[in-house]
Structure formats: structure tokens, C-alpha cells
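Encoded as C-alpha cells, the structure appears first; notes follow it.
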Amino acid sequence: MSIHKGPGFNEWLRTELKARGMPQRQLARKAGVDHSTISRLVQHGRTPSLATATKLARALGHQGDVSQYVASVATTTVNPTARVEYALCADALLGATEVRQVMQYYLALRADRLSQGASRPQVRATRLLPEPRDVRGPRQRHK
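In our numbering, the protein residues as written are -4 to 138.
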């Protein structure tokens, strides 16, 4: 966890929009993000969620590892769960719903550990995760 030196996200986003001559509403449509979200990011210097930053970076043409773009932008808060969220978002086998479900479970487990005062939480589940679905179909027995 570190705080990066560089422009704030709002400055970076403003520069990207200006360089492309792209209005905020066009970026909103292209990224699938509400226009008011982009407006708040640009005008008020808010720090976006990792998912929103990823959508914006991809809509602006940054198709590579989006973490390099997000990491190059200064943040005002240190989010210890961002790397987990980013890793889940980068997994092509997980959809947005699955990422959200895993993050909710992770955050609940983390909050539980922090409320217990654990400085270095032990890794153990409080409940079992559902079994993964077998997409291969039923097993056939060979004779």
C-alpha cells in the first residue's frame, strides 16, 4: 500500500478527455458509467472505485494492464482491499456479479476480523463458500 505521486484522478481524467476532445457524456456512454459519476470525479476530485476506474481507462483506449494507469494516478486514501478487487476484476472467468459476491464475502470476513481486534487475521472461513458448478456436465463411467 502506497500513495503515488502524480496528478490526482480528476486531473488525469480531465487531461484524457481534453486530449481526445471527448465530452463527459460521451465517455459516460462508452464506459457504461453514469454521467453524474464522471462529473463528480472531474469537478470534486473524488477517487473512483477500482471498477469505475477500469471502465473509464478502457473506454479511453487503455486496453493493457489497467493497474498501470490507476497506479500512476495519485490517491488521497489508501484502500487495502483494492488489490483484491483488481485481481478479481482481471480474472476473465469471473463476471461482474461473481466479483461483487466474492468482494462482499471478503469485506464481511475482513470486517469481522477487524472487529475482533486481530492485527494479523488468521485465514479461516466463517462459512463455506458454495461449491463451484461443474461446467463439463455429469461424469460418464468407463467400462
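Every residue, glycine too, gets a C-beta built ideally from N, C-alpha and C.
Out of 79, 52, 109 and 108, state which residue places its alpha-carbon closest to the alpha-carbon of residue 11. 52
Less than 7 Å between C-beta atoms, sequence neighbours within five positions excluded: which residues of the same chain meet that for residue 36? 4, 5, 8 and 43
Is the beta carbon of residue 80 closer than 7 Å to that of residue 45? yes
Can you give me the Cβ contacts of residue 101 inside the same chain, cut-off strictly under 8 Å, excluding the 5 residues immediately before and after it? 76 and 79
Using CA atoms only, rank isn't needed, just tell me which of 98, 50 and 91 is closest to residue 26. 50
If you measure between the beta carbons of residue 22 and residue 54, is that distance less than 7 Å? yes
Residues in its own chain within less than 8 Å of residue 39 by CB, not counting five upstream and five downstream? 5
Tell me the rounded alpha-carbon separation between residue 47 and residue 91. 12 Å
What's the gap between the Cα of residue 86 and the Cα of residue 97? 12 Å
How about residue 41 and residue 30: do their beta carbons lie closer than 7 Å? no
For residue 69 and residue 57, what's the separation of their Cα atoms in angstroms? For residue 69, the pLDDT reaches just 47, beneath the cut-off of 50, and the residue's location in the model is therefore unreliable, although a value from the coordinates is still provided. So the alpha carbons of these two residues sit roughly 18 Å apart.
Spatial distance of residue 16 from residue 24 (CA atoms): 15 Å
Would you decide whether residue 109 is buried or exposed? Buried here means 16 or more other CB atoms lie within 10 Å of its CB. exposed
Per DSSP, which residues does residue 27 bridge with? Please list them. In the DSSP output, where bridge partners are listed per residue, residue 27 has none listed.
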